[in-house]
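A.B. asks:
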Amino acid sequence: MKWETAFFEGASGTSAQLPSCDLPEVVFAGRSNVGKSSLINKLLRRKSLARVSSKPGKTATINFYRLENIRLVDLPGYGFARVSAEEKRRWAELIEGYFAQERDLRLVVLLIDARHAPSQDDRTMLNFLMEGGYPMVVVLTKIDKLKPTARRERLAAFPNELGVDAGHMLPFSAETGEGVEQLREIVEGQMVQSLPVT
Ligand SMILES: Nc1nc2c(ncn2[C@@H]2O[C@H](COP(=O)(O)OP(=O)(O)O)[C@@H](O)[C@H]2O)c(=O)[nH]1
Ligand SMILES: [Mg+2]
């Protein structure tokens, strides 16, 4: 896959504005500040296609990135405490509206900060995805920030905390590049798998 050909396709603030379901899609979800924009840039070998912010909670739209035959879907981050009830409703309408459509959803990448036990919002998102039966991988971000002992402890704890098989988790660092190539392979695998048989 030609990752570096990606370009920003557009942003949707309401579910009525979503692009038509004309391409296979890979979705990225996680709480704000988890490292989603950094991961997308790393994946696409770009410095700043997706905007990286030290202040959480700014992206309130679904952002779309296009490669030749695939669309990357950057969901707005959740779990940002200082947003109004109105903003939360809008977030829910947007996300639920997206998942309610019949889209060609090949993979959901759920990002969780490797340093901490999953938050209630992480669990809610995970349960929503598991109940929907979406193909999913949990990416454990900012793994570079953990020393070896803490890293071992967190990686051992996550499968129980999340109820997800360790084989569906990937330690990741946008800083060191750990996990980037594996994630590319996972995405590519999901694309090949569902190609029509001729
Ligand atoms: N050390 C480290 N910092 C990271 C990593 N990924 C993101 N960050 C930092 O975390 C902050 C939030 O990143 P961003 O990609 O904007 O998160 P988003 O809100 O989920 O899109 C920024 O200051 C990033 O530089 C990582 O893998 N390692
Ligand atoms: Mg972001």
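Residue numbers (my numbering): 26 to 223. Just so you know, even glycine gets a beta-carbon here, dropped at the ideal spot from N, CA and C.
#1: Should residue 88 be labelled buried (16 or more other beta-carbon atoms within 10 Å of its own) or exposed?
#2: How about residue 162 and residue 211: are their beta carbons less than 7 Å apart?
#3: Whole angstroms are fine: how far does the CA of residue 43 sit from the CA of residue 91?
#4: Considering only residues of the same chain and omitting the five flanking positions on each side of residue 29, which have a CB-CB separation below 8 Å?
#5: Could you tell me whether any non-hydrogen atom of ligand 2 is closer than 6 Å to the CB of residue 62?
#6: Cβ atoms of residue 202 and residue 136: under 7 Å apart, would you say?
#7: Leaving out five residues on either side along the sequence, give the residues of the same chain with a beta carbon under 7 Å from the beta carbon of residue 127.
#8: Is it buried or exposed, residue 149, if we count other Cβ atoms within 10 angstroms and call 16 or more buried?
C.D. replies: The short version:
#1: Buried, because 16 or more other Cβ atoms sit within 10 Å of the Cβ of residue 88.
#2: yes
#3: 14 Å
#4: 69, 70, 71
#5: At least one heavy atom of ligand 2 is nearer than 6 Å to the Cβ of residue 62, so yes.
#6: no
#7: Within the same chain, 46 come within 7 Å of residue 127 by CB-CB distance, once the 5 residues on both sides are set aside.
#8: It counts as exposed.
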